[in-house]
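J.: Have a look at this one.
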Amino acid sequence: MKNTLSIKQNHVFRRLYNKGKSAVTPCVAVYCRKNGRSYNRLGITVGTKLGKAVVRNRARRRIREAYRLHEDQLVLGYDIVVVARVRCSFTRYGEMERHLLRCLDRLGLRAKETV
1 MKNTLSIKQN HVFRRLYNKG KSAVTPCVAV YCRKNGRSYN RLGITVGTKL
51 GKAVVRNRAR RRIREAYRLH EDQLVLGYDI VVVARVRCSF TRYGEMERHL
101 LRCLDRLGLR AKETV
């Protein structure tokens with residue numbers, strides 16, 4: 001991922017949950033907040049409700065790949081946290097990707113294409 005770093009600190013996750021904007025679909029929930037930097041930071045959270053480690057890691061990989069494929073369409077300067085919901089483990093990749101993009105659109109994180 002070219003313009004994105006990982007979020008690893010717990011206080012950054014908590015700040016996003018408390019003060020960030022959010023968008024929710026049955027598959028994922030996305031929280032975002034401006035970070036004042038020239039790059040994005042991404043955090044992915046997958047709870048134990050989703051399943052065992054294999055299922056959780058698969059959900060994480062799928063979310064990271066969907067983000068990576070559409071990273072060039074995103075506005076820079078945001079902290080983004082994607083929370084996988086239980087339904088994420090049962091949906092196909094294409095549907096999960098659409099849910100993620102729908103959340104990013106609702107939050108205004110995808111740049112509008114000019115024709």
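Going letter by letter, the sequence shown gives residues 1 to 115 in this note's numbering.
Heads up, the beta-carbon is just placed ideally off N, CA and C, and yes, glycines get one too.
Predicted model, so just to flag it, every value in this text is computed and none were measured.
1. Going by DSSP, what residue range makes up the alpha helix (DSSP H) through CYS103?
2. Expressed to the nearest angstrom, what Euclidean distance is found between the alpha-carbon atoms of ARG56 and CYS103?
3. Apart from the five residues just before and just after GLY108, which ones in its own chain have a Cβ nearer than 8 angstroms to its Cβ?
4. Please list, in chain order, all residues of the same chain as SER22 whose beta carbon is under 6 angstroms from its beta carbon, the five residues on each side excluded.
5. Please tell me whether ALA29 and VAL86 are closer than 8 angstroms, where the distance is taken between their beta carbons.
6. Using C-beta distances below 6 angstroms, list every residue in its chain close to VAL54, excluding the 5 sequence neighbours before and after it, in chain order.
7. Ignore the nearest five residues each way along the sequence and tell me which others in ALA66's own chain have a CB closer than 6 angstroms to its CB.
T.: According to the structure shown:
1. 93-106
2. 20 angstroms
3. VAL75
4. TYR31
5. no
6. none
7. GLU97 and LEU100
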